[in-house]
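Below you'll find the structure, written out as structure tokens, and then a few comments.
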Amino acid sequence: MRILKGGGNPLEWRSAREVGEAALRAGQVAAFTVAGGQGTRLGYDGPKGTYPVTPIRQKTLFQVFAEKIAAAQKRYGTVIPWYIMTSHANHAATVAAFEDNGYFGLQASDVFFFMQGRMPAVDLSGKIILEAPDAIAMSPDGHGGSLRALVRSGAVADMRTRGIRAISYFQVDNPLVRCIDPAFIGFHFKNRSDMSSKMIPKAYPAEKVGHFCMQNDRMVVIEYSDMPMAMQELTTADGELLYLAGSIAIHMLNIDFVDRLGSGKDATFALPFHRADKKIKTIDADGKPVVPSSPNGIKFEMFVFDALPFASNPIVIETRREDDFSPVKNATGLDSPETCRNDQIRQWTRWLRAAGVQIETDSTGLPSFIFEVSPLFADSEESFVSRWQALEPKPENFSGLYLG
Ligand code: UTP
1 MRILKGGGNP
11 LEWRSAREVG
21 EAALRAGQVA
31 AFTVAGGQGT
41 RLGYDGPKGT
51 YPVTPIRQKT
61 LFQVFAEKIA
71 AAQKRYGTVI
81 PWYIMTSHAN
91 HAATVAAFED
101 NGYFGLQASD
111 VFFFMQGRMP
121 AVDLSGKIIL
131 EAPDAIAMSP
141 DGHGGSLRAL
151 VRSGAVADMR
161 TRGIRAISYF
171 QVDNPLVRCI
181 DPAFIGFHFK
191 NRSDMSSKMI
201 PKAYPAEKVG
211 HFCMQNDRMV
221 VIEYSDMPMA
231 MQELTTADGE
241 LLYLAGSIAI
251 HMLNIDFVDR
261 LGSGKDATFA
271 LPFHRADKKI
281 KTIDADGKPV
291 VPSSPNGIKF
301 EMFVFDALPF
311 ASNPIVIETR
321 REDDFSPVKN
331 ATGLDSPETC
341 RNDQIRQWTR
351 WLRAAGVQIE
361 TDSTGLPSFI
371 FEVSPLFADS
381 EESFVSRWQA
391 LEPKPENFSG
401 LYLG
């Protein structure tokens, strides 16, 4: 394992970026979003990707990603096909959201939807739960189910016909993610890695992210729920958290690796199932629907990071939280639509400042007004500064401003 931490060597970053850009220009990289989750904590009725997240235009998560992909396609003069994993519950609504919105400006033929697998749910004594007198309660098999689903759906075969070599994997709930990040792509290719990951230093010991660890010389991610709090609080002699490297579910995956793991051809490989105790709708002895008020059963999910121990040359690079990670998980509080909206505004405010604009903010970098920058205007500080310099006339009032 190599952790390139604390910024690393600028020359190494520059050369990684060049390698990534060359792979993009050669059309070797696809985008991949896992969007089959149930989004229970957000409590939104619809596919999470159709949830509006931007402050002014109320763009949905899917639109934000589509615009980021479109911006990268334009910059590198290439096609970046986008694969989206749905579930039985949200597939039709997801496809309809793209059709109703003209694929958010992308070519329909470059967007590929497929459904993930399902697992039966069992009650707390291990018996299969019925959802209806003639139907078993089934639930999506976790984001780790993507490896099988990518192969089974024909997505990997489609990628091969297009000359794709690696997949940029990200979750549907994080609009800040640089879905196409040339330096990350370049590190992945340069290190001949099967699976690469981004990490952020944990903000505090109890932060709910997985931990990159080495176990018997293999890289693993240990979920926060599987690591005792006393271990999460351990520090090094310098006072830094010992288990510092938090996983933010951003990966690069080689398609040969996905093919080997997802096809079942490699008999030594199987992702484990993790159990999650949940409220599962069922029926009573008379066949009448029952909506439980507390967890009554167990769902089984695979996690994509459990593929890491099977990967050759896995690498982890450190990224800046404020440039890559602000997920919408909960309806209120931490990781909510409000924190995510503020993190987007803070990022655009940093870009404006980098372009030489004076903006007053509070101590967290948040101005007192809202504004929005489309990824089609700029998708990084660097691209923002150059667009801003060329912009005439420059806006004087930022409140309510939309740069598109
Ligand atoms: P989460 O762990 O946040 O789960 O998923 P969730 O189902 O979306 O939300 P809750 O826990 O019910 O509130 C992380 C990412 O993995 C995807 C989600 O869509 C999200 O992008 N995912 C999760 C799947 O694609 N399939 C799954 O079976 C589970």
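Under our numbering, the first residue of the sequence shown is numbered 1, with each subsequent residue one higher. Backbone N, C-alpha and C define an ideal beta-carbon position, used for all residues, glycine too.
The residue from 388, 375, 383 and 386 with its alpha-carbon nearest to that of residue 404 is 375. The criterion of a C-beta distance shorter than 8 Å is satisfied by residue 166 and residue 254.
In terms of side-chain proximity, the C-beta atom of residue 55 is found no nearer than 7 Å to any non-hydrogen atom of the ligand UTP.
Here residue 322 carries a helix assignment [DSSP, helix/strand/coil]. DSSP, reduced to helix, strand and coil, places residue 277 within a strand of the structure shown. Excluding the 5 residues flanking it on each side, residue 360 has same chain C-beta neighbours closer than 8 Å at 367 and 368, in chain order. Under the criterion of beta carbons closer than 8 Å, residue 323 and residue 68 do not qualify as touching, at roughly 13 Å. The Cβ-Cβ distance between residue 24 and residue 182 falls below 8 Å. A distance of 8 Å or more separates the beta carbons of residue 327 and residue 194. DSSP, reduced to helix, strand and coil, places residue 76 within a helical segment of the structure shown.
The segment 12-30 and the segment 116-131 do not touch, with fewer than three beta-carbon pairs separated by less than 8 Å. Its Cα nearest to that of residue 316, the residue 187 stands out among 345, 71 and 187.
When C-beta atoms of the segment 98-111 are compared with those of the segment 231-245, fewer than three pairs fall below 8 Å, so the two segments do not count as touching. By the neighbour-count criterion, in which 16 or more other beta carbons inside 10 Å mark a residue as buried, residue 198 falls on the buried side.
A residue is called buried once 16 or more other Cβ atoms fall within 10 Å of its Cβ, and residue 90 is buried on that count. Secondary structure note for residue 190: its alpha helix (DSSP H) is the uninterrupted segment 182-190. By the Cβ criterion, the segment 217-237 is not in contact with the segment 279-291, since fewer than three pairs of Cβ atoms, one from each stretch, lie closer than 8 Å. Shown here, residue 223 sits in coil according to DSSP, grouped into three states, outside any helix or strand.
Residue burial is scored here from C-beta neighbours: residue 85 has at least 16 other C-beta atoms within 10 angstroms and is therefore classed as buried. No residue range can be given for residue 312, since it is assigned to no beta strand (DSSP E) and is classified by DSSP as neither H nor E. Between residue 121 and residue 298, the CB-CB gap stays under 8 Å. Taking the Cβ of residue 85 as the reference point, at least one heavy atom of the ligand UTP falls within a distance shorter than 7 Å.
Linking residue 140 to residue 273 through their CA atoms gives a straight-line distance of about 12 Å. If you draw a straight line from the Cα of residue 386 to the Cα of residue 333, it is about 36 Å long. Residue 62 sits in a helix when the DSSP states are folded into three classes.
Its chain contains 59, 60, 61, 64, 175, 328, 337, 340, 341 and 344 as the residues whose beta carbon lies nearer than 8 Å to that of residue 53, once the 5 sequence neighbours on both sides are disregarded; these appear in chain order. For the ligand UTP, a non-hydrogen atom lies closer than 7 Å to the CB of residue 140. Look at the segment 103-180 and you find these whole runs of beta strand (DSSP E), each 3 residues long or longer: 111-115, 118-120, 130-132, 138-140 and 166-171.
In the DSSP annotation of this structure, residue 338 is not part of any beta strand (DSSP E); the continuous alpha helix (DSSP H) holding it starts and ends at 337-354. Secondary structure of residue 382 (DSSP, three-state): helix. Residue 301 has its CB nearer than 7 Å to a heavy atom of the ligand UTP.
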